[in-house]
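Visitor: Here it is, the structure in full.
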Amino acid sequence: MKIPIKQVVKGVAWTGAVLVGAVVVYLAASAALSAVPVAATSKAPASEQPVEAYILSNGVHTDLVVPVRSAYADWTQLVPYADTPAADSTMQFVGFGWGDKGFYLDTPTWAELKPSTAVKAMFWLGTTAMHTTFHHRPVEGPDCVRLQLSPVEYARLVAFIKGSFDFDAQGRPQHIKGHSYGQHDAFYEAKRTYNLFYTCNTWANNGLKAAGQKAALWTPFDFGIFWQYR
Numbered sequence: 000m001k002i003p004i005k006q007v008v009k010g011v012a013w014t015g016a017v018l019v020g021a022v023v024v025y026l027a028a029s030a031a032l033s034a035v036p037v038a039a040t041s042k043a044p045a046s047e048q049p050v051e052a053y054i055l056s057n058g059v060h061t062d063l064v065v066p067v068r069s070a071y072a073d074w075t076q077l078v079p080y081a082d083t084p085a086a087d088s089t090m091q092f093v094g095f096g097w098g099d100k101g102f103y104l105d106t107p108t109w110a111e112l113k114p115s116t117a118v119k120a121m122f123w124l125g126t127t128a129m130h131t132t133f134h135h136r137p138v139e140g141p142d143c144v145r146l147q148l149s150p151v152e153y154a155r156l157v158a159f160i161k162g163s164f165d166f167d168a169q170g171r172p173q174h175i176k177g178h179s180y181g182q183h184d185a186f187y188e189a190k191r192t193y194n195l196f197y198t199c200n201t202w203a204n205n206g207l208k209a210a211g212q213k214a215a216l217w218t219p220f221d222f223g224i225f226w227q228y229r
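Residue numbers (numbering that gives the first Met the number 0): 0 to 229.
Set out below in structure tokens:
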């Protein structure tokens with residue numbers, strides 16, 4: 000039986016309207032919940048030496064940046080300099096980002112984004128990776144905020160970041176060899192699944208919550224994080 004053209008057009012129109020409506024609701028919810036602050040829960044006692052950390056954005060994606068070595072953590076035991084092309088041990092800070100593995104490895108620029116990669120990422124169909132980047136001390140600015148964490152807050156952040164790695168049977172991080180954006184970064188297998196409601200920025204925002212820092216109630220975008228610090 001043939002389906003009337005009018006019915007087909009109507010069905011397509013309804014489908015389009017539903018999709019547009021879903022996008023509008025998602026963006027509206029993102030803006031509204033990103034503006035709702037979660038206050039910092041504590042301050043470092045004056046007697047304690049704080050740990051310097053940073054929130055760093057490239058305009059889309061947020062990293063959590065911490066000292067490579069401190070009295071509380073030596074990240075080279077987890078992500079050695081040797082895993083990066085330059086193996087530059089003069090870098091004093093290391094940034095951590097979590098995200099969809101397809102985006103990270105197959106989409107170095109937005110121009111190379113494939114529809115299949117986007118669909119997998121948005122709808123729980125892909126796998127994830129940790130992206131680590133060594134830095135000299137970041138410079139504060141519109142896309143870089145400095146934090147002062149107490150030892151207890153930093154310990155919680157360390158636990159949050161380490162808990163995002165997918166370790167092998169021997170408890171070692173799984174380095175994804177042959178992939179990097181530059182000379183000072185590396186990728187590792189990660190836990191969880193990226194989706195519309197848990198993005199790279201949601202991960203970073205949750206890390207701030209874990210460390211007792213200011214954060215958005217929920218945000219899939221970097222502006223939701225930085226709004227709380229402006």
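All C-beta atoms, glycine included, are put in the ideal place defined by N, C-alpha and C.
1. Rounding to the nearest angstrom, what Cα-Cα distance links A70 and H178 in this structure?
2. Compute the Euclidean distance between the alpha carbons of A72 and V157, then round it to the nearest angstrom.
3. Based on the DSSP secondary-structure assignment, which residues constitute the bridge partners of R145?
4. Measuring alpha carbon to alpha carbon, tell me which of D142, V37, I224 ends up nearest W202.
5. From P172 to V138, what distance separates their C-alpha atoms?
6. Within 10 angstroms of the Cβ of G125, are there 16 or more other Cβ atoms? Answer buried if so, exposed if not.
7. For a test of the three-state rule: what should DSSP assign to Y103, helix, strand or coil?
8. Checking 7 Å against the spacing of the C-beta atoms, do G96 and H130 come in under that value?
9. Could you check which residue in A215, H60, A85 has the C-alpha nearest to that of A185?
10. Where do the N-terminal and C-terminal ends of the beta strand (DSSP E) with D184 fall, by residue?
11. Which residue marks the beginning of the alpha helix (DSSP H) containing F159, and which one marks its end?
Guide: Looking at the coordinates:
1. By one-based count along the sequence shown, residue 70 stands at place 71. By one-based count along the sequence shown, residue 178 stands at place 179. Cα to Cα, A70 sits roughly 31 Å from H178.
2. Position 73 of the sequence shown, counted from the start, is the residue given in the question as residue 72. Position 158 of the sequence shown, counted from the start, is the residue given in the question as residue 157. Near 8 Å, if we compare the C-alpha coordinates of V157 and A72.
3. Here residue 145 refers to the residue found at position 146 when the sequence shown is read from its first residue. The partner list for R145 (beta bridge, DSSP) reads Y53.
4. For the purposes of this step, residue 202 is taken as residue 203 along the sequence shown, with counting starting at 1. Looking at the Cα atoms, I224 is the closest of the given residues.
5. Indexing the sequence shown from 1 puts residue 172 at position 173. Indexing the sequence shown from 1 puts residue 138 at position 139. Distance between the alpha carbons of P172 and V138: 29 Å.
6. As a position in the sequence shown, residue 125 is number 126, starting the count at 1. Buried is the call here.
7. Residue mapping note: residue 103 aligns to position 104 of the sequence shown, counting from 1. Three-state DSSP puts Y103 in a helix.
8. Residue 96 sits at position 97 when you count from the first residue of the sequence shown. Residue 130 sits at position 131 when you count from the first residue of the sequence shown. Cβ distance < 7 Å, so G96 and H130 count as in contact.
9. Here residue 185 refers to the residue found at position 186 when the sequence shown is read from its first residue. When each option's Cα is compared against that of A185, the closest is A85.
10. Within the sequence shown, numbered from 1, the residue matching residue 184 stands at position 185. That run of the beta strand (DSSP E) goes 184-188.
11. Counting from 1 along the sequence shown, the entry for residue 159 is found at position 160. In the DSSP annotation of this structure, the continuous segment of the alpha helix (DSSP H) that includes F159 starts and ends at 150-161.
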